[in-house]
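J.: These protein sequence lines are chains A and B, in that order.
Going by the working numbering, the letters in the first sequence line up with residues 166 to 377, in that order.
Going by the working numbering, the letters in the second sequence line up with residues 166 to 377, in that order.
Glycine is no exception: its CB is placed at the ideal position from the N, C-alpha and C atoms.
Being a predicted model, the structure only gives us computed values, none of them experimental.
There are 2 protein chains.
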Amino acid sequence: MPSRSPTATREPIAKRPGGRSARVRRAVFDATLARLVSDGYQALTIESVAVAAGVNRTTIYRNWPTKAGLILAAAKDRSEALISTKGSGDLERDLVALLTSVAEYVTSPIGRALVIASLSEADDPEVREAREDFWRHRFQAARDLIGAAAGGGSSSLDAGVDGLIERLIAPLFLRAFITGAPLDGPFIRDTVRAALRVPGSGGETKPDTTMG
Amino acid sequence: MPSRSPTATREPIAKRPGGRSARVRRAVFDATLARLVSDGYQALTIESVAVAAGVNRTTIYRNWPTKAGLILAAAKDRSEALISTKGSGDLERDLVALLTSVAEYVTSPIGRALVIASLSEADDPEVREAREDFWRHRFQAARDLIGAAAGGGSSSLDAGVDGLIERLIAPLFLRAFITGAPLDGPFIRDTVRAALRVPGSGGETKPDTTMG
DNA sequence: ACACAAATGCAACTAGTAGTGCATTAAGGA
DNA sequence: TCCTTAATGCACTACTAGTTGCATTTGTGT
């Protein structure tokens, strides 16, 4: 086996992006995510994706040599406009809305499947980076909300913003993937209120924003 | 394929637990966890476990018909004395120690592999229950610590204990499995302090302790 | 419209894994 | 010690992943 990255694709040297290739690409990506949701990561086979997409196995193998690379490409292709960053200025309300959106994602079949798939390939540097990148963007949305509201009143939020964001988002993941407890409205509200009640001390650890 | 549970084992009707069977059992469990750490869940094959254990594949297939069941049995077999529940009475110190122990688990190869394996089989009721059971016990240890300290001074901890525990443990998981940020000492200390600083209001959501 | 080449389809092949019937070994009781 | 049978080992089949050579289709520039 040649020493290529497990998530390598043919895309960088694609010379015919139009017409048939575009149709194939879309059909394969749609089929990939559909099968990922219905079968889960490990049970997903290239064969089943090919059949669902109305495409030959060989085509998929040539364009996306590995399962992880295929799912990663399909996920990236669909990762747009998933988040509404614009806040009303009411910090608590905006954070509840943000966490509700994240909660919907991590409880949705596609969100759960993608998180689990990314963890199943935790050793693949590209997969790891893609996952951390995805959440880095979401964290940035939270930073924007808090930053906007901080100018409008709430003090003591300067130093510990990243820690605050962690304390907001983390309980959602714990319930969604570990304990299985429900992510309902009251839980989200209480999580936001608890996080906001913590006085911003100077002793906060700066979370590693490079997520290395 | 008969409609048996994917994690069924032969154990309940085992009639010869001594001698050879015991040796096989131990060898298989050790090999299973070793391969799980080195290869990961999806790449783990029964064949590789059998070779590592010096046992025939057939033996494994008959005793533990599925990969998930095998790993689950191996994990249960080793899930003893992983936790030190006894506290000193100093709540903050005890919680830091507890979180440090959890942090070591979720960053260790075996802990990571087990969490990921349990998520890869999220649809299997037995796997889900085993995972939730495991963490329920750890949460109980935290409850004991807090309960002991609560009698000794700290008030306002009665109602929101479960929420507090969630806010203690959750950031560890977020960093370990999502963002990849480090789980160092300062981070753990700050997590404990932030959680303890939250005034215990009456508005807390009772987390579903059945973890359904 | 035509030609060239890229991209896909097809078929055959290798390799490796899951799973099963039958023979063999050895545990536990008499 | 000997006998029964539970437990294990061996040999085999079936299936799936993944690869390759070649034919076919189809973009794209001329």
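Under 7 Å Cβ to Cβ from R354 of chain B, same chain only, skipping five residues before and after it: list those, please.
T.: Excluding sequence neighbours, R354 of chain B sits near V261.
J.: So which residues of chain A does S266 of chain B contact, with C-beta pairs closer than 9 Å?
T.: By Cβ distance, chain A contributes nothing, its closest Cβ being about 16 Å from S266 of chain B, past 9 Å.
J.: Is it right to say P336 of chain A is buried, meaning 16 or more other beta carbons lie within 10 angstroms of its own, or is it exposed?
T.: Answer is buried; the Cβ neighbour count reaches 16.
J.: Taking D349 of chain B as the reference, which of B:V271, B:V292, B:D289 has the closest Cα?
T.: Out of B:V271, B:V292, B:D289, B:V271 has the C-alpha closest to the C-alpha of D349 of chain B.
J.: Listed in chain order, which residues of the stretch 203-218 of chain A have Cβ atoms closer than 9 Å to some Cβ of chain B?
T.: Of all residues in the stretch 203-218 of chain A, G205, Y206, Q207 have a Cβ within less than 9 Å of some Cβ in chain B.
J.: Tell me where the alpha helix (DSSP H) around R258 of chain B begins and ends.
T.: Unbroken alpha helix (DSSP H) run through R258 of chain B: 256-272.
J.: Using the three-state DSSP reduction, which class does K232 of chain A fall into: helix, strand or coil?
T.: Reduced to three states, the DSSP call for K232 of chain A is helix.
J.: Establish whether the CB of S244 of chain B and some CB of chain A are separated by less than 9 Å.
T.: No, because no Cβ of chain A sits closer than 9 Å to the Cβ of S244 of chain B.
J.: Roughly how many angstroms separate the alpha carbons of R296 of chain A and R188 of chain A, rounded to a whole number?
T.: Their backbone Cα atoms lie some 27 Å apart in a straight line.
J.: Is the Cβ-Cβ distance between Q133 of chain B and S285 of chain A less than 9 Å?
T.: Because chain B here runs from 166 to 377, residue 133 of chain B falls outside it and cannot be looked at.
J.: So, at 7 Å on beta carbons, what are the nonlocal neighbours of A217 of chain A in its own chain, with the 5 sequence-adjacent residues on each side left out?
T.: Cβ neighbours of A217 of chain A beyond the five flanking positions: A196, A199, R200.
J.: Measure the alpha-carbon distance for W300 of chain A versus R185 of chain B and round it to whole angstroms.
T.: Going from the Cα of W300 of chain A to the Cα of R185 of chain B covers about 50 Å.
J.: With 16 other CB atoms within 10 Å as the buried threshold, where does L283 of chain A fall?
T.: Position check: residue 283 of chain A holds Ser in this sequence, whereas Leu was assumed. The residue is buried, with at least 16 neighbouring Cβ atoms inside 10 Å.
J.: Which of helix, strand or coil does DSSP assign to R169 of chain A?
T.: For R169 of chain A, the predicted structure reports a pLDDT of 49, less than 50, and the residue's modelled location is therefore unreliable. The matter cannot be settled from this model.
J.: Cβ closer than 8 Å: which chain B residues qualify as neighbours of L198 of chain A?
T.: Residues of chain B passing the Cβ test: none, with the nearest at roughly 17 Å.
J.: Can we say the stretch 328-347 of chain B touches the stretch 324-344 of chain A, given the rule of at least three CB pairs closer than 8 Å?
T.: Yes: at least three Cβ pairs fall under 8 Å.
J.: Verify the CB distance criterion: does R340 of chain B have a CB-CB separation below 9 Å to chain A?
T.: Chain A contact via Cβ: present.
J.: Beta-carbon of V357 of chain B versus every beta-carbon of chain A: anything under 9 Å?
T.: No, no contact with chain A.
J.: Does S273 of chain B get closer than 9 Å to chain A when you measure Cβ to Cβ?
T.: False, the Cβ-Cβ gap to chain A never drops below 9 Å.
J.: Is P230 of chain B close to chain A, meaning its C-beta is less than 9 Å from at least one C-beta of that chain?
T.: No, because no Cβ of chain A sits closer than 9 Å to the Cβ of P230 of chain B.
J.: Is the CB of A306 of chain A under 9 Å away from at least one CB in chain B?
T.: No, its Cβ sits nowhere closer than 9 Å to a Cβ of chain B.
J.: In chain B, which residues lie with their C-beta within 7 Å of the C-beta of I334 of chain A?
T.: Within 7 Å Cβ-Cβ: L339.
J.: If you check the beta carbons only, do D259 of chain B and A215 of chain B fall under 9 Å apart?
T.: The answer is no: Cβ separation not under 9 Å.
J.: Listed from N- to C-terminal order along the chain, which residues in the stretch 285-299 of chain A have their beta-carbon within a distance smaller than 8 Å of any beta-carbon of chain B?
T.: Those residues of the stretch 285-299 of chain A that come within reach of chain B (Cβ to Cβ, closer than 8 Å) are S285, A287, D288, R293, R296, E297.
J.: Determine, using beta carbons only, whether L256 of chain A and L333 of chain A come nearer to each other than 9 Å.
T.: Taking 9 Å as the Cβ cut-off, L256 of chain A and L333 of chain A do not qualify as a contacting pair.
J.: Suppose contacts are defined by Cβ-Cβ distances below 9 Å. Is V220 of chain B in contact with A192 of chain B by that definition?
T.: Yes; because the gap between Cβ atoms is below 9 Å, this pair is in contact.
J.: Could you check what DSSP says for Y206 of chain A in three-state terms: helix, strand or coil?
T.: Correct three-state label for Y206 of chain A: coil.
J.: Taking C-beta to C-beta, are L209 of chain A and K232 of chain A nearer than 9 Å?
T.: In contact: L209 of chain A and K232 of chain A (Cβ atoms closer than 9 Å).
J.: Can you give the beta carbon distance from I281 of chain B to A287 of chain A, rounded, assuming they're within the 8 Å contact cut?
T.: Indeed they touch by this definition, with Cβ atoms about 7 Å apart.
J.: State the CB to CB distance for the pair L329 of chain A and A278 of chain A, rounded to an integer number of angstroms; the pair is presumed to be in contact (CB under 8 Å).
T.: About 29 Å; that fails the 8 Å criterion.
J.: Pick out whichever of B:D298, B:P274, B:V292, B:R362 has its Cα sitting closest to the Cα of A202 of chain B.
T.: Correcting the residue identity first, residue 202 of chain B is Val in this sequence and not Ala. When only C-alpha atoms are compared, the closest one is B:P274.
J.: Have a look at B:V357, B:R358, B:D298 and flag the residue whose alpha-carbon is nearest the alpha-carbon of A346 of chain A.
T.: Ranking B:V357, B:R358, B:D298 by Cα distance to A346 of chain A puts B:D298 first.
J.: Could you check the C-alpha separation between R227 of chain A and G183 of chain A for me, to the nearest Å?
T.: The alpha-carbon atoms of R227 of chain A and G183 of chain A are separated by roughly 18 Å.
J.: Spatial neighbours of T265 of chain A within its chain, please: C-beta separation below 7 Å, excluding the five flanking residues on both sides.
T.: Contacts found: I353.
J.: For A306 of chain B, does the three-state DSSP call read helix, strand or coil?
T.: In this structure, A306 of chain B counts as helix in the three-state DSSP scheme.
J.: Contact criterion: CB-CB distance below 9 Å. Does I281 of chain B meet it with respect to chain A?
T.: Yes, I281 of chain B counts as interfacial toward chain A.
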